[in-house]
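Read the structure below first, then the notes.
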Amino acid sequence: MDGKTARSLQSLSEEVATNPNSTAFVELAAAYRERGDSERALRLCLRGLQRHPTHVEAHFELGLIYEARGERELALDEWGIVRQLAPDHVASRLALIRLYLDEKRYVDAEIELNAARERAPADSAVAELWQALQAARRDAAPDQAESAASAGLFAALEREQPGTLGVMLVGGDGQLLEGRMTRRGVESDRMLGVTLNGAKSEATRVASHLGLGELQGIVIESAVARLTVSPVSDGIVIVATRAEVPAGQAARLVQRARQIAETHLGDKQR
Amino acid sequence: MRTPYGNLLAKVMSAPGVRGALVVAVRDGLVVDGRVHVGVEGEAVAALAASLYRRACRATGAAEGKGRFVELEADGGRIMIAGKNDLAMMAVLQRRANTGQARVAVQRAADELAALEGLA
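Quick note, the sequences are listed as chains F and L, same order. Per this note's numbering, the very first residue in the first sequence carries number 126; after that it's consecutive. Per this note's numbering, the very first residue in the second sequence carries number -8; after that it's consecutive.
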């Protein structure tokens, strides 16, 4: 949908107006987006998707509109839907990769790039993005080494508590301050920290809006692991345990990790 | 209007301290069915909590059809969300609710919800 639209706005508008079932709304929305009218593009696309909820190009276009509006999370949602509806839709994977690279989410970018290379091995855009990923990783290497040096704050706690998968302290700006979590490396830990810091901000807003008072924490459980996000004075502590660790035991671990983090942050301030 | 979710909602509401139970479409945060006490803004809970749930699932790399349980704990109460796909069960708890009992009720209801939707 990038580039000049083939048909005129007037012709597309007429078709959409006269035939509500037409899928020309996608092209029309793209035209509005390219002219900078993302508000009208968004309305058109959302309305069109009510009639055509599985229209792949409409979801892709909606992602581009959200991206143009700076609503990246929503853009990711839409391109994620495209990926589910049409796994071979390379354009949506390229859009995802660009966004991941922009956000320095190199592990996610690599996963998408590998999928894109399988589907479109001769695509020059895929090759360019692969080179961009390699270059970005080279540039980021010194920062990664610096972060990796500070994994020891929670090491004793992790050893003491069986079933602990990792503990991290993330600053208020989303920067990984201490600890480690995943075996995929520092970059993956960083991204987890940034994303969960965003989740904590969102949870704070939810709690406040619903009159629930101050946020105490978020627990996210899957079949294999439990992740607890707890606010501390200037950041969050993230604790991951295996799912089979009893909830009460995990809660005690979280409490101790918070104490360690608060002491560490207090020492730093002094 | 009667929906197939009445029994599930009633079971969640029967846990001590639960002030609201909602079946919510995760993708858009809209209420599919729900029971709430006076003072609980069901639509707002659904919209805000669904967004948080989506973000939490993304952060932890949840794949389609994989179950997730998300709990928001605050000074004045809790919100629990459990689901396997596009529909999730949510519960709003007062501060002194029996958390363990509510958690079991929400997770069981989410399993039954998935079964109703043919996903279990």
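Glycine residues also receive a C-beta, built at the ideal position from the N, C-alpha and C atoms.
F/Gln384 counts as exposed, since fewer than 16 other beta carbons sit within 10 angstroms of its beta carbon.
Between F/Glu192 and the set F/His180, F/Leu167, F/Ser249, F/Glu182, the nearest pair of CA atoms involves F/Leu167. Under the Cβ criterion of 8 Å, F/Glu312 is not counted among the residues facing chain L.
Shown here for F/Ala332: same chain residues with a beta carbon closer than 8 Å to its own, the five before and five after excluded, namely Gly338, Glu339, Leu340 in chain order. DSSP places F/Ser347 in the coil class of the three-state scheme, outside both helix and strand.
For F/Gln380, no chain L residue has a C-beta closer than 8 Å to its own C-beta; the minimum C-beta separation is roughly 13 Å. F/Asp233 sits buried, since 16 or more C-beta atoms from the chains shown fall within 10 Å of its C-beta. Contact annotation: F/Ala365 and F/Gly291 have beta-carbon atoms nearer than 8 Å.
For F/Gln341, the secondary structure class from DSSP, reduced to helix, strand or coil, is strand. Check the Cα spacing between F/Ala265 and each of F/Leu321, F/Lys229, F/Asp248: the tightest is with F/Lys229. Measuring C-alpha to C-alpha distances from F/Ile343 to each of F/Gly323, F/Gly336, F/Thr353 identifies F/Thr353 as the nearest. Neighbourhood of F/Glu285 in chain L, by CB distance below 8 Å: empty, with the nearest CB roughly 24 Å away. Think of a sphere of 9 Å around the beta carbon of F/His180: no beta carbon from chain L falls inside it, the nearest being about 15 Å out.
The CB of L/Glu64 comes closer than 8 Å to the CB of Leu340, Gln341, Gly342, Ile343, Val344 in chain F, given here in chain order. With a 10 Å radius around the Cβ and a threshold of 16 neighbouring Cβ atoms, F/Glu312 comes out buried. DSSP places L/Gln85 in the strand class (E or B) of the three-state scheme. Inclusion of F/Glu327 and L/Arg59 in the CB contact set at 8 Å is not warranted, their separation being larger than that value.
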